[in-house]
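Peer 1:
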Amino acid sequence: MVKRGIERIYLGLIMVFLYAPILTLIVFSFNDSKSRAKWGGFTLKWYKNMLHDPEISKSLYYTLLIALLASVIATIIGTLAAIGIHVMKKKTKSVILNVTYLPVLNADIVTGIAFMLFFVAIGLRLGFTSMLIAHITFNIPYVILSILPKLSSLNKFTYEAALDLGASPMKAIRKVIIPEIMPNIITGFLLAFTLSLDDFVISYFTTGSGVTNLSITIYTMTRRGIKPEINAVSTVLFLSVLILLLIINKRSDRHAKKLGGMNV
Amino acid sequence: MNRKWLATPYLIWMVIFIVVPLVMVFYYAFTVKDVNGARFTLDHVMKTFDSKYMVALGKSFLYALISTVICLILAYPLALILVKRSKGGAAMLFIFILPMWMNFLLRTYAWLSLLETNNGLINTILRALHLPVLDIIGTPKAIILGMIYNFLPFMVLPIYNALAKIDKSLMEAAYDLGANDFKRLLKVTIPLSMPGVMSGITMVFMPAVTSFVIPNLLGSGKVNLIGNMIEQQFLMTYDWGFGAALSLVLMIIILISMGVIQRSDEDMEGGAGLW
Amino acid sequence: MEKNVIIRLENVTKSFDDQVVLNNLTLDVEKNEFLTLLGPSGCGKTTTLRLIGGFEKPDEGSVWHQGKDISNVPPYKRNINTVFQKYALFPHLNVYDNIAFGLNIKKIDKSLIKEKVQKALKQVNLVGYEKRSIEQLSGGQQQRVAIARAIVNEPEILLLDEPLGALDLKLRQEMQYELKTLQKELGITFVYVTHDQEEALTMSDTVVVMNNGVIQQKGSPEDIYNEPVNAFVADFIGESNIMDGIMKQDGVIEIFGRIYECVDKGYAINEKVDVVVRPEDIKLLEPSENKLNGQVTSCIFKGVHYETCVMTEGFEWVIHNTKNFKPGEHVSINVDPFDIHIMKKMVEEKVHE
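Read top to bottom, the protein sequences are chains A, B and C.
Residue 1 is where the first sequence starts when you use full-length UniProt numbering, and the numbers rise one by one after that.
Residue 1 is where the second sequence starts when you use full-length UniProt numbering, and the numbers rise one by one after that.
Residue 1 is where the third sequence starts when you use full-length UniProt numbering, and the numbers rise one by one after that.
What follows is the structure, encoded as structure tokens:
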């Protein structure tokens, strides 16, 4: 009983540590004063203002657009890649996977700089396209990594059975493999989307000419003070992700664990 | 048609956007441009051995190491407690990783408000309790706190997964053979969860050692780590060659240390062990 | 009465999630016997074993070890060891360290540990495997390590939870023999759980047949096979022809409207009973007027015998004999009186909620 109590206190303390800054943020998104220390009364004005601020609304637009495009493209390329890599010879497979892990394992700052040097070298102006390419690139490995384990646990004879029953390889993939790995494709997509949404370092080095996402905007603001509207936007985004996750969680109980397990 | 051709678009993408950019880092690190075009040089790489940069590198490793150790000390018991709750464990785990979905910069920035020496919430509470105030903004302590805060979930997750994977009958076998709770933890649970601990260590240490945002925000720019040095080369002094050399050194050190960590754990194959 | 009882389960009831797994079970295990808990999956046999091992606590009732109530004693304080279903060998330790685990915990002198591990390895025929990792071993070898790891602690009682389930047939038969020999050599009590009746009959001194958390019958393998107390036991132990009968008087039974001689006594007149006849106890002869006649529906060669199915007046018999009958052939069913086993109808048990 005592042990149980100590465990609860421990969990509680860590929870306070993890949530204190987030709650502060959320509370101050309702603060009528611009100060981030003093409480000036309750207000919803930051929520009303947030979309009227051109700086914030533009970066929110780019954040969502890039996250959506990058995760959709990465999911398509990554899913095809996973199906292909799965049937490759062991040696080829391990070479490809090792290269695939590079952006995952490498420091974000190095990845970002490598992209920047590359884009400059090929003469691509830093901006929307370069940032999108960078996001797609760092998203693909996560999609592949979400799908590959499932593929190897599949019954390999179902695909052959489909061929045996007269399906063309393409049709067999569409009708047999894709439905089975669908939950993992969705996991990979969501993972890519949230990573994209939250990325700062790589975006920071690959963007230019007025294209910024929320993270970059926040970073530039930290030098001259964060606008309270940002707190409001972030609270909305955080709650949207939370609700999204809860819905997925309810749909399949195991999913949250998997999504959690994948999220690095 | 063979299914392996489906990977073709990715393979092309991979070569162009993963391999070539990394080659570019090597290229910039080892060349210098003058009127005759680019020529090979070792100057950039030699410069990284200047004491100024070595000190920054040393500090980065030290702070990352301290953060990693504290994360491990905090996360292991947490994961143990969560795994023990067979029913609510996964849901509880979700609560502990949820903060990662709040914007990273904002989360870190929020610590500034909490830690502010005069008006910060923490010091207001401390003062009310007649305790000494914390004045750590702009010091390594704040940076380490920021690292622990941001990367703790990365430690909890793999350890939780490793612990959850341990066959329950192994636990019972340890009991059966006379091990009490403590000895069982020491002789069975901890050794069997080592793969998780190792990935946790990599996943915390790696971003911590290369971070430049956390030192910028919580160190108020007073503490320069290797990440800040690299950032400055690209965005302030525009010495790209040297910046590339610094990145290269960092990358090589990271890959080597990760190789060492992975070697010490034979269960991992390729990078898959990280998952 | 207390003749060497080493373990006693007394009126034990155990439920998981409102489902009663053991229902007021009482069982004595005698010192140095090889006792097998036999039954279909979900019958409560593993739970019984886990109660003895200390992995479960009884909801009601108690577990006694040599006159002491050990219901609340944790496993690590019991002088009982277990061979787990899938061996549960520690993957991070080699063969030697797996076997030495329990001794190391007890902080015994290193040289003594070495001696004991060597002896255990010899007992399970694994000398020379000390440095192997667990993954390098075959299923049968892992099995032996699991046994060595348990017996090296010199337990008074060894619990074995379907230890042979994962092995192939030939290896299983070999291990059955070895386990029996080992038990005699060690002179300790074995409590063995299995759903394989052949295994149970081969190795045990005592077989306990369980179903739905209740002991159906406890006895020597011969008793269980020859004198099953009810149709469940008869059906579970070997193949059986089970049919309805009416007891006319002592030694007289009516089956399918015919009167047969039997040897059972003590039933009420006109009591409805189950009648069990073993397939190997039936002789097929030429059809004749006063006998139960039927037609062969199938006859399959099974190696040592033919399995013949005969249909008589709506009942299909299974017969083991050595002659190849042709489907369609007319035959008569012949059984000696002492091979007709009469047993009380099983009361339709209400599930206890």
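Note that beta-carbon positions come from the ideal geometry of N, C-alpha and C, so glycine has one too.
1) Give a yes or no on whether the C-beta atoms belonging to C:Ile333 and C:Ile282 are separated by under 7 Å.
2) Residues in its own chain within less than 7 Å of C:Ile340 by CB, not counting five upstream and five downstream?
3) Please report the distance separating the alpha-carbon of B:Met54 from that of B:Lys141.
4) Whether or not the stretch 108-121 of chain A and the stretch 172-187 of chain A are in contact is what I'm after, with contact meaning three or more pairs of Cβ atoms, one per stretch, closer than 8 Å; do they touch?
5) Look up C:Met210 in the DSSP assignment and give the residues it is bridged to.
6) Check the Cβ-Cβ distances between A:Ala107 and every residue of chain B, and say whether any is below 7 Å.
7) Any C-beta of chain C sitting closer than 7 Å to the C-beta of B:Ile162?
8) Can you list, in chain order, the residues of its chain with a C-beta nearer than 6 Å to that of B:Glu116? Leave out the 5 residues immediately preceding and following it.
9) Run the proximity test for C:Pro40: is its beta-carbon closer than 6 Å to any non-hydrogen atom belonging to the ligand GDP?
10) Taking 7 Å as the CB-CB limit, is B:Ala38 close to chain A?
11) Restricting to Cα atoms, I'd like to know which of B:Asn36, B:Gly120, B:Ile143, B:Asn180 is closest to B:Ser67.
12) Per DSSP, which one or two residues make a beta bridge with C:Asp28?
13) Is there contact here, the stretch 129-136 of chain C with the stretch 95-109 of chain C, by at least three beta-carbon pairs under 8 Å?
14) Any C-beta of chain C within less than 7 Å: which residues of the stretch 177-188 of chain B qualify?
15) Reducing DSSP to helix, strand and coil, say where C:Val335 ends up.
16) Please say whether C:Gly213 and C:Gly44 have beta carbons closer to each other than 7 Å?
17) Do B:Ala38 and B:Ala244 have their C-beta atoms within less than 7 Å of each other?
18) As a quick exercise: from B:Leu11, B:Lys52, B:Tyr149, pick the residue whose alpha carbon is nearest that of B:Met100.
19) I'd like to confirm the pairing. Which residues does DSSP put opposite C:Cys43 in its beta bridges?
20) Helix or strand or just coil, what does DSSP make of B:Ala38?
21) I'd like to know whether the C-beta of C:Asn81 is nearer than 7 Å to at least one C-beta of chain B.
22) Touch check for the stretch 284-302 of chain C and the stretch 315-335 of chain C: three-plus C-beta pairs under 8 Å?
23) Helix or strand or just coil, what does DSSP make of A:Glu180?
24) Counting pairs of Cβ atoms below 8 Å between the stretch 178-192 of chain A and the stretch 146-156 of chain A, do you hit three or more?
25) For the beta strand (DSSP E) holding C:Phe34, just list the boundary residues, first then last.
26) Using a C-beta cutoff of 7 Å, does B:Lys4 count as contacting chain C?
27) Would B:Arg107 count as contacting chain A if we go by Cβ distances under 7 Å?
28) Exposed or buried, which one is B:Val83 when buried takes at least 16 other CB atoms within 10 Å?
29) At 7 Å on the CB atoms, spell out the chain B contacts of A:Pro21, in chain order.
30) Where does A:Lys175 sit, in a helix, a strand or coil, going by DSSP?
31) Contact criterion: CB-CB distance below 7 Å. Does B:Gly273 meet it with respect to chain A?
32) Could you tell me which chain B residues have their CB closer than 9 Å to the CB of A:Gly78, listed as they occur along the chain?
33) According to DSSP, what are the bridge partners of C:Arg144?
34) In the stretch 113-139 of chain C, which residues sit with their C-beta less than 8 Å from some C-beta in chain B, listed in chain order?
35) With a cut-off of 8 Å, do at least 3 Cβ pairs link the stretch 179-186 of chain C to the stretch 205-216 of chain B?
36) Does DSSP classify B:Leu131 as helix, strand or coil?
Peer 2: In brief:
1) Position 333 of the third sequence, counting from 1, holds the residue named residue 333 of chain C. Position 282 of the third sequence, counting from 1, holds the residue named residue 282 of chain C. The answer is yes: Cβ separation under 7 Å.
2) As a working mapping, residue 340 of chain C is identified with position 340 in the third sequence. Result list for C:Ile340: Ile253, Tyr260, Cys262, Val275, Val277, in chain order.
3) The residue given as residue 54 of chain B occupies position 54 in the second sequence. The residue given as residue 141 of chain B occupies position 141 in the second sequence. Cα to Cα, the separation comes out at about 20 Å.
4) no
5) Your numbering for residue 210 of chain C matches position 210 in the third sequence. Answer is C:Ile215.
6) Stepping through the first sequence from its first residue, residue 107 of chain A is reached at position 107. Closer than 7 Å to some Cβ of chain B, the Cβ of A:Ala107 qualifies, so yes.
7) As a first step, residue 162 of chain B is located in the second sequence; it is residue number 162 there, counting from the start. Looking at the sequence provided, one finds Ala at residue 162 of chain B rather than Ile. With 7 Å as the cut-off, B:Ala162 does not count as an interface residue toward chain C.
8) Position 116 of the second sequence, counted from the start, is the residue given in the question as residue 116 of chain B. None.
9) Absent from the structure shown: the ligand GDP. Ligands present: none.
10) By 1-based counting over the second sequence, the position of residue 38 of chain B is 38. No, because no Cβ of chain A sits closer than 7 Å to the Cβ of B:Ala38.
11) Along the second sequence, read from residue 1 onward, the residue named residue 67 of chain B stands at position 67. With distances taken between Cα atoms, B:Ser67 lies closest to B:Ile143.
12) Counted from its first residue, the third sequence places residue 28 of chain C at position 28. In DSSP, C:Asp28 forms a bridge with C:Arg8.
13) yes
14) Leu177, Gly178, Ala179, Asn180, Lys183, Val188
15) For this step, residue 335 of chain C is matched to residue 335 along the third sequence. Three-state DSSP puts C:Val335 in a strand.
16) One-based indexing of the third sequence puts residue 44 of chain C at position 44. One-based indexing of the third sequence puts residue 213 of chain C at position 213. Going by C-beta atoms, C:Gly44 is nearer than 7 Å to C:Gly213.
17) Numbered from its first residue, the second sequence carries residue 38 of chain B at position 38. Numbered from its first residue, the second sequence carries residue 244 of chain B at position 244. Not closer than 7 Å, so no.
18) Walking along the second sequence from the start, residue 100 of chain B turns up at place 100. That would be B:Tyr149, whose Cα lies nearest to the Cα of B:Met100.
19) In the third sequence, residue 43 of chain C corresponds to position 43, counting from 1. For C:Cys43, which the question treats as bridged, DSSP gives no partner whatsoever.
20) Indexing the second sequence from 1 puts residue 38 of chain B at position 38. Correct three-state label for B:Ala38: strand.
21) On the third sequence, position 81 is the one that residue 81 of chain C refers to. So yes, C:Asn81 belongs to the interface.
22) yes
23) Residue 180 of chain A sits at position 180 when you count from the first residue of the first sequence. Three-state result, A:Glu180: helix.
24) yes
25) For the purposes of this step, residue 34 of chain C is identified with residue 34 of the third sequence, where counting begins at 1. Counting along the chain, the beta strand (DSSP E) containing C:Phe34 begins and ends at 34-38.
26) Here residue 4 of chain B refers to the residue found at position 4 when the second sequence is read from its first residue. No - not a single Cβ of chain C is within 7 Å of the one on B:Lys4.
27) Position 107 of the second sequence holds residue 107 of chain B. True, the Cβ-Cβ gap to chain A drops below 7 Å.
28) The sequence position of residue 83 of chain B within the second sequence is 83, counting from 1. Burial call: buried.
29) Within the first sequence, residue 21 of chain A is the residue found at index 21, counting from 1. Neighbours of A:Pro21 on chain B, chain order: Arg107, Ala110, Trp111, Leu114.
30) Counting from one through the first sequence, the residue named residue 175 of chain A turns up at place 175. Helix.
31) For the purposes of this step, residue 273 of chain B is taken as the residue at position 273 of the second sequence. Only weak support is given to the placement of B:Gly273: the predicted model assigns it a pLDDT of 33, under 50, and the question is left unresolved by the model.
32) Stepping through the first sequence from its first residue, residue 78 of chain A is reached at position 78. Simply Tyr10.
33) Taking the first residue of the third sequence as position 1, residue 144 of chain C is located at position 144. According to DSSP, C:Arg144 bridges with nothing at all.
34) none
35) no
36) Looking up residue 131 of chain B in the second sequence gives position 131. Three-state DSSP puts B:Leu131 in coil, outside helix and strand.
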